[in-house]
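Position 10, counted from 1, in the sequence shown is what my numbering calls 15; the numbers after and before it change by one each time, with no gaps.
Positions of the beta carbon are idealized from the N, C-alpha and C atoms, including for glycine.
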Amino acid sequence: VNATSDKQEPPPSSFPEGVWQCLQSAITLREPILIFPVSDMATYTPLPSMTQIATEESSLPNAGMIQCLTAAGGTAPSLWKDGVYGSSSGCKVKLRDVLIMKVGSTVEDAFLSLKRMGALGG
């Protein structure tokens, strides 16, 4: 119910079919920009300052999540080894980190995002 009137907005299913399809198509036209922050453009080595974010963040898989995945017939992520998420072998994972940015984002936007996360200083 709208606060200024007693009318309710119609559900999307009541819109003319062409309009709804047009809106859905418009939304899918602009894919996000993927940015892979690296410290070396030749080897694609991840930024060292993102290691803690990439391996210790609370949103990453944990033992309970992996048990649920395997109980449901799934498999653990490729970086899940011995109860820890990350590369314990010492090898550098290429293009490990990704920032999802909106279309039109600039290098400055990426820099500010990395700075806000604590991955860059300055």
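One or two residues paired with residue i in a DSSP bridge
| i | result |
| --- | --- |
| T50 | D45 |
| I71 | Answer is none; I71 lacks a bridge partner. |
| I40 | L104 |
Distance, residue j Cα to residue i Cα
| i | j | result |
| --- | --- | --- |
| W50 | G126 | As written in the sequence, residue 50 is Thr, which differs from the Trp given in the question. Straight-line Cα distance between these residues: approximately 18 Å. |
| G109 | L39 | 12 Å |
| P53 | S44 | 8 Å |
| V6 | W85 | Its pLDDT being 45, under 50, V6 is placed unreliably by the model, and nothing is read from it. |
| P21 | M70 | 42 Å |
| L119 | L28 | 32 Å |
| V24 | A31 | 11 Å |
| M122 | A115 | 11 Å |
| V112 | G78 | 41 Å |
| Q26 | M46 | 41 Å |
| R35 | T48 | 30 Å |
| A76 | L117 | 41 Å |
| I105 | L74 | 25 Å |
Residue closest to residue i, alpha-carbon to alpha-carbon, out of the options
| i | options | result |
| --- | --- | --- |
| N67 | M55, A81 and S54 | A81 |
| V103 | Q26, M46, R35 and M55 | M55 |
Burial state of residue i, where buried means 16 or more other Cβ atoms lie within 10 Å
| i | result |
| --- | --- |
| P42 | buried |
| R101 | buried |
| A124 | buried |
Nearest-angstrom Cβ-Cβ length linking residue i and residue j, presumed shorter than 8 Å
| i | j | result |
| --- | --- | --- |
| P37 | K99 | About 21 Å separates the two Cβ atoms, so there is no contact after all. |
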